[in-house]
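Peer 1:
Protein chains: 4
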Amino acid sequence: MNKKIPVGILGATGTVGQRFIQLLDQHPWFEVAWLAASDRSAGKTYAAAVKWRLNTPLPESVAKLEVFPAAPNASTPKVIFAAMDAVAAKEIEPQFAAAGHAVVSNSSAFRMEQDVPLVIPEVNADHLPLLKTQKWYQKNGGFMVTNPNCSAMGLVLALAPLHRRFGVEKIFVVTMQAVSGAGYPGVPSLDILGNVIPYIPSEEPKMEAETRKLLGSFHGAGVSDAEIAVSAHCNRVPVEDGHTESVSIKLSKPAQAEEIIAAWNEFRCLPQKLKLPTAPEQPVIYETAPDRPQPRLDVNRGGGMAAVVGRLRPCNVFDWRFTVVSHNVIRGAAGAAVLNGELLHAQGYIR
Amino acid sequence: MNKKIPVGILGATGTVGQRFIQLLDQHPWFEVAWLAASDRSAGKTYAAAVKWRLNTPLPESVAKLEVFPAAPNASTPKVIFAAMDAVAAKEIEPQFAAAGHAVVSNSSAFRMEQDVPLVIPEVNADHLPLLKTQKWYQKNGGFMVTNPNCSAMGLVLALAPLHRRFGVEKIFVVTMQAVSGAGYPGVPSLDILGNVIPYIPSEEPKMEAETRKLLGSFHGAGVSDAEIAVSAHCNRVPVEDGHTESVSIKLSKPAQAEEIIAAWNEFRCLPQKLKLPTAPEQPVIYETAPDRPQPRLDVNRGGGMAAVVGRLRPCNVFDWRFTVVSHNVIRGAAGAAVLNGELLHAQGYIR
Amino acid sequence: MNKKIPVGILGATGTVGQRFIQLLDQHPWFEVAWLAASDRSAGKTYAAAVKWRLNTPLPESVAKLEVFPAAPNASTPKVIFAAMDAVAAKEIEPQFAAAGHAVVSNSSAFRMEQDVPLVIPEVNADHLPLLKTQKWYQKNGGFMVTNPNCSAMGLVLALAPLHRRFGVEKIFVVTMQAVSGAGYPGVPSLDILGNVIPYIPSEEPKMEAETRKLLGSFHGAGVSDAEIAVSAHCNRVPVEDGHTESVSIKLSKPAQAEEIIAAWNEFRCLPQKLKLPTAPEQPVIYETAPDRPQPRLDVNRGGGMAAVVGRLRPCNVFDWRFTVVSHNVIRGAAGAAVLNGELLHAQGYIR
Amino acid sequence: MNKKIPVGILGATGTVGQRFIQLLDQHPWFEVAWLAASDRSAGKTYAAAVKWRLNTPLPESVAKLEVFPAAPNASTPKVIFAAMDAVAAKEIEPQFAAAGHAVVSNSSAFRMEQDVPLVIPEVNADHLPLLKTQKWYQKNGGFMVTNPNCSAMGLVLALAPLHRRFGVEKIFVVTMQAVSGAGYPGVPSLDILGNVIPYIPSEEPKMEAETRKLLGSFHGAGVSDAEIAVSAHCNRVPVEDGHTESVSIKLSKPAQAEEIIAAWNEFRCLPQKLKLPTAPEQPVIYETAPDRPQPRLDVNRGGGMAAVVGRLRPCNVFDWRFTVVSHNVIRGAAGAAVLNGELLHAQGYIR
């Protein structure tokens, strides 16, 4: 058996950083070999630096790793999974790409840049070659690939099979987002216990723009956004993990309910074909019970990598309405990046 | 000072029934004089029959009243506030109307009947004369008046001022509804703790149809629904009191943000003119903070009788989007019926 | 490979019944072959009868089984796991024992009967032969074995190693119990959202009496209760799974903190020796972080079968105080019964 | 009518500071005239500096006040209500006392100082003269008076009437504390949603020591602690307002249940005699329903100033056990200080 590919994690102590470590534990291809976090953590072992908040044990091999400051050093591996907030990412991620690293980022900082692929492997794996247009890639092989915002992820997974078969023209979506989406410490309990907060800073424009880019088409030099009107309303609710979204859509071609459900349940893509380790067998699952999907019950389907859809019914204003739930930290963040990393490996971009 | 009007409460022990008793305590016009509930409670004092769940004390004058079975008897007063579930209401409310009572009902059972006024005093007080077409009214003066579903209430209060000034043509609305809307015992805690349930039986069609009737026009013999396309998605969230709704609307005439906000803040109607005791001074309040309204913070504005609106911003699909919060048990149920009762009294239908 | 032992489940559709099915899926020794529930469910397939509420899929082999009424019939297997409420159990369980079945019960109905073993395999496996004194056993081999209440389970697991080494004389314990302990629909959300209910009917006397019986000694004809004074205060809190308990104890012999922690961490018993499939490797785990154990983070340790202890510190009134968390539906109910079933099999009582 | 006494608030923007402003709005004796907070807020109007989180409107007269840095200036009134965290209070409060101000503090920083009165007006108003031993008082009339920790408040209110009549010797208490006790932003929602945290830093020793000082006796030069052994276990639960405490006590003299309940219900003290504006009519209320008190239902009794007791029953280890609930931010913090201020005024210490 071959040696595993060493990978580093930027922002290793945060909510998404911890999920990277959880998801990469026992990974068949990758091995966590290098960690970086804020200066407050640097110099400590990971066990000492992190407030581990997952309900599986902190892997022992990672617990004893030293946490470095967030800058490339002699021991930094080629492949970096990045889980920093946008402000830090804006400054730090380019340093890694410039130093020749493959930065697989969960941050929003560069998602909408013209030469940065924003990729969901099931949806637009064909956008990946865009990375070759990056100046770093041309200079020393470094590059940056991103995955979408956690709120865009569930929506786009549910829309992609429909967009392919019937064309999606207009979208109205209201999110009810879990608190883990805000990181740690994140949302104060006094703000959210028994409450709804109808506002998440910058979330709506991100969700709208990313949806259009993800469903857009790659033409060598760049990506043309899909011509879809998207109106997003983003709310925070007292749920730990799992974003729920109420969606209405207008299609280009008429579609029957059975056709839509079939499009979802039959949706299989490159990650499934390539048998990428983190790819769910069925990326979109339609649940027939009238009160599903629910975050508490459906968030871990497909190892947290499936989007679960339900309540398909006609819409009085557009064509159809439905509900989608997906795990915001796994499918919508760490798992998304890991799957991007696997795709990059399968396609020869990282070794 | 005049003697108060004695009123009865049907379904007195439930969530809405308790609110009737709370809201009618010290009421300047009405006095709770008669209580009825299910056979399980009949014969007990109210204090013994009820599991009082409000955080104000059970009024002593009501505590000692006897609870009767749900049928008119010799001591039943003319005016009845009814808080029964739809199945019970279907059978029992007509018995009271037939016996000459004024039934001011919160139930959905008869709201969409052609000869039953569905009224929000600020919105369509002019629909009230429809009650004169009821066979009971013509026979012995009995009648039935209803208020809308708790989810329609906040929406319609927010839309009414806009509909008057600019015309509303299309509506997308997603609700995040409090558990008190399901009564008691209602939603099991195992279903809703840290969860969202994307389904409330029958809620969406009710919300859609009632909105069209409430904003419709009365023409002597009946009500013509407003020509508005409404698409409602109804969700349950772990909030005790207060429904939050994300709304997008298409208007007939162009409107600036300031005009819309002015339409809300300036909205004053018959209940305010008549100074009905339960009418809020300002029925629709626009909050400028970017993260408002929130149920925990805004649900009790105007004594729980105001709808609080916020986050007005352009919509990428329709014209405008915003959020509205209202108290589902006060403005959306018991308080709505009390205000209807006050309007009926002010207009001479009950004395 | 040998054929698996067919087992039946009484009360198969409830919260604990569903856990039985989850835990017995892929069980190396047992196979769910027969289901019974209330008359409302009888005659349906399990998939049609149950409102499955676990976040793992309903096993397909069980989904299609028919649900029988709760009475022994021709196809009832020898071994029955019972998850009925006490009132139903009181009437129905003896019918199964009388018909020659091995009833492994989670109900409280017979736990304190003189001839019924109340067993935690790690604590008092030696009480098991008490079942031979049951009249059914002597007649046709039927018998009944019980596991304790979910609130007693965590406490007794934490106390057993200390009682053996140092003797426990007095116990103060305050529980903060999860809503799943009340079954489904169980606790109304209106009662528990953002609240504490300082009362669980019958829970305190059960917890006190069962603790004394479990730590008592078997002497052929019966069990002598341990001479321990127990004062329990039982509260319900808005947690889905996992009972948290604050405990103070007075010991017979002085003990150092390190000795107590060692007693916990070193505690290995018959189920570990016998490698019973459901036995956790380490039944009691001491966590050193100052804010542990917590139900959300620790409830699934050891597959939900470990008790997690923390915050050992001197007590100003007794000798020591600490906190213990355990999974009330796995370790405290279905898993407890399955482990009892495994012990019964390992010791030749069921085949 | 006399002019009101101007008062200042230190730490005006925090959770307790906001409650001061809410409770002092329309106060018959005091008027908020001066505000101070951290440097981040200084120079802004209060409306601009605060994230107002209460569900009553921010009083207009306070909204426009300027927020000063936390140091005495020319406009600082004589009387200061202080709501700073302990670290800030340690440094800043003495500056105000030294400058001749009456500092009525909610902080823990000086509560246990020998010359600082720690006072609950219903319990130990006679400790107040201790302030005369403070060096500031002797120099320029400045002084400092404190109220207890929010967890000690409910316990001591419940114990005081029993201690007077029967003597309390030993106490075992487990708290389930609301998140508002940790201030804002305070407890991250990811830590407490659906969870219990069995640890609040420094809370247990504070609760134990303060209980002994509050129930101790004043002898001119100082306070002798009451000889009571207290063992406290402090837990955080997902409740917004209201600490719930499970208590077992050993008494010096035997007492019947009725005598204890009478001691609670009849407890009237100096604040009631003096009719202090914030004093509840009945400081301790015994609730007879088996499942009371509950924070959601009972926290606002007596305007949030009453302690509500219930579930009195014999204890298997000590004499009696019961539950007490009190509002941690009103009775346990801001309201406690306001009541201390009123007592100081009534007794001539402030004018």
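Protein chains in written order, with the numbering used here: chain A, 2 to 352; chain B, 2 to 352; chain C, 2 to 352; chain D, 2 to 352.
A virtual CB, placed ideally from N, CA and C, is assigned to each residue, including glycine.
Which chain B residues sit within Cβ distance under 8 Å of arginine 54/D?
Peer 2: Leu298, listed in chain order.
Peer 1: What are the boundary residues of the alpha helix (DSSP H) that includes tyrosine 47/C?
Peer 2: Per DSSP, tyrosine 47/C belongs to the alpha helix (DSSP H) from 47-50.
Peer 1: Under 8 Å between beta-carbons, which chain B residues line up against glycine 187/C? List them in chain order, please.
Peer 2: Neighbours of glycine 187/C on chain B, chain order: Pro189, Ser190, Leu191.
Peer 1: Counting C-beta neighbours from all protein chains within 10 Å, is the total for proline 294/D 16 or more, i.e. buried, or is it exposed?
Peer 2: So proline 294/D ends up on the buried side.
Peer 1: Give me, in chain order, the residues of the same chain whose beta-carbon lies closer than 6 Å to that of methionine 177/B; leave out the 5 immediate sequence neighbours on both sides.
Peer 2: Only Asn236, Val238, Thr245 meet the Cβ criterion.
Peer 1: By how many angstroms is the C-alpha of tryptophan 30/C removed from the C-alpha of methionine 2/C?
Peer 2: Because the pLDDT of methionine 2/C is 47, which lies under 50, any placement of that residue in the model is unreliable, and the question is left without a value.
Peer 1: What does glycine 195/C reach in chain D if we use C-beta pairs closer than 7 Å?
Peer 2: Under the 7 Å cutoff, chain D gives Pro239, Val240, Glu241, Arg297.
Peer 1: Exposed or buried, which one is lysine 353/D when buried takes at least 16 other CB atoms within 10 Å?
Peer 2: Nothing can be reported for residue 353/D: it is not among the residues displayed for chain D, which extend from 2 to 352.
Peer 1: Using the C-alpha atoms, what's the distance from aspartate 242/A back to asparagine 196/B?
Peer 2: About 9 Å.
Peer 1: Using a Cβ-Cβ distance under 8 Å, would glutamate 228/D count as near chain C?
Peer 2: Output row for glutamate 228/D: interface = no.
Peer 1: Going residue by residue through the segment 4-78 of chain B, where are the continuous beta strand (DSSP E) segments of at least 3 residues, counting only ones entirely within it?
Peer 2: The segment 4-78 of chain B contains these whole beta strand (DSSP E) runs: 6-11, 31-38, 68-70.
Peer 1: Mind checking which residues open and close the beta strand (DSSP E) that includes proline 315/A?
Peer 2: Unbroken beta strand (DSSP E) run through proline 315/A: 308-315.
Peer 1: Quick check: the Cα distance between alanine 159/B and alanine 37/D, rounded to an integer number of angstroms?
Peer 2: Distance between the alpha carbons of alanine 159/B and alanine 37/D: 39 Å.
Peer 1: By alpha-carbon positions, which one of Ala280/B, Asn317/B, Val325/B ends up nearest to leucine 298/B?
Peer 2: When only C-alpha atoms are compared, the closest one is Val325/B.
Peer 1: Please decide whether tyrosine 287/A counts as near chain G, where near means a Cβ-Cβ distance under 8 Å.
Peer 2: This model lacks chain G altogether, as its protein chains are A, B, C and D.
Peer 1: Are the CB atoms of valine 105/A and valine 80/A within a distance shorter than 8 Å?
Peer 2: In contact: valine 80/A and valine 105/A (Cβ atoms closer than 8 Å).
Peer 1: Compare the C-beta of valine 180/B with all C-beta atoms of chain C and state if any pair is closer than 8 Å.
Peer 2: Yes, its Cβ sits closer than 8 Å to a Cβ of chain C.
Peer 1: Give the list of continuous alpha helix (DSSP H) stretches no shorter than 4 residues that lie fully inside the segment 133-175 of chain C.
Peer 2: Counting only runs of 4 or more, we get 136-141, 151-167.
Peer 1: Which residues in chain B have a C-beta closer than 9 Å to the C-beta of asparagine 301/D? List them in chain order.
Peer 2: Ordered by position in chain B, the residues that pass the 9 Å Cβ test against asparagine 301/D are Asn56, Thr57.
Peer 1: Assign proline 73/B to buried or exposed, taking buried as 16 or more other Cβ atoms, counted over all protein chains shown, within 10 Å of its Cβ.
Peer 2: Buried is the call here.
Peer 1: For chain D, is any of its Cβ atoms less than 8 Å away from the one on tryptophan 265/B?
Peer 2: No, tryptophan 265/B lies away from the interface with chain D (no Cβ there is under 8 Å from its Cβ).
Peer 1: From isoleucine 172/D to serine 232/D, what distance separates their C-alpha atoms?
Peer 2: Each residue's Cα considered, the two are about 6 Å apart.
Peer 1: Thinking just about the alpha-carbon of each residue, which of Leu59/B, Ser39/B, Pro7/B, Arg41/B is nearest to the one in isoleucine 22/B?
Peer 2: Closest option to isoleucine 22/B, Cα to Cα, is Leu59/B.
Peer 1: Distance check for arginine 312/B and aspartate 192/B, CA to CA, integer angstroms please.
Peer 2: So the two alpha carbons sit approximately 30 Å from each other.
Peer 1: Going by C-alpha distance, which of Pro272/A, His220/A, Val169/A is nearest isoleucine 250/A?
Peer 2: Minimum Cα distance to isoleucine 250/A is reached at Val169/A.
Peer 1: On the DSSP letters alone, give me the boundaries of the beta strand (DSSP E) that phenylalanine 323/D sits inside.
Peer 2: 321-327 is the span of the beta strand (DSSP E), which, as asked, contains phenylalanine 323/D.
Peer 1: Please decide whether methionine 113/C counts as near chain D, where near means a Cβ-Cβ distance under 8 Å.
Peer 2: Output row for methionine 113/C: interface = no.
Peer 1: Using the DSSP secondary-structure output, state which residues sit across from cysteine 235/D in a beta bridge.
Peer 2: According to DSSP, cysteine 235/D bridges with Thr176/D.
Peer 1: Quick check on DSSP: helix, strand or coil for histidine 244/B?
Peer 2: Reduced to three states, the DSSP call for histidine 244/B is strand.
Peer 1: Are there three or more Cβ pairs, one per stretch, closer than 8 Å when the segment 143-151 of chain B is compared with the segment 207-222 of chain B?
Peer 2: Because the criterion of three Cβ pairs below 8 Å is met, the segment 143-151 of chain B and the segment 207-222 of chain B touch.
Peer 1: Can you check which of these residues, Asn266/A, Leu271/A, Gly304/A, is closest to tyrosine 287/A by C-alpha distance?
Peer 2: The candidate whose alpha carbon is nearest that of tyrosine 287/A is Asn266/A.
Peer 1: Just how far apart, CA to CA, sit glycine 349/C and glycine 12/C?
Peer 2: Between glycine 349/C and glycine 12/C, the C-alpha separation is close to 26 Å.
Peer 1: With a threshold of 6 Å on Cβ separation, who are the neighbours of alanine 308/D within its own chain once the five nearest residues in sequence on each side are excluded?
Peer 2: If we look at alanine 308/D and ignore the five residues flanking it on each side, its Cβ neighbours are Gly155, Leu158, Ala159, Val285, Val325, Ser327.
Peer 1: Between alanine 34/C and valine 8/C, which are expected to be in contact by the criterion C-beta below 8 Å, what is the C-beta distance as a whole number of angstroms?
Peer 2: Rounded, the Cβ-Cβ distance is 6 Å, consistent with contact.
Peer 1: Rounded to whole angstroms, what is the Cα-Cα separation between alanine 90/A and glycine 101/A?
Peer 2: Computed Cα separation, rounded: 16 Å.
Peer 1: Which one of Ala83/B, Thr46/B, Lys52/B has the shortest CA to CA distance from lysine 65/B?
Peer 2: For lysine 65/B, the nearest C-alpha among the options comes from Thr46/B.
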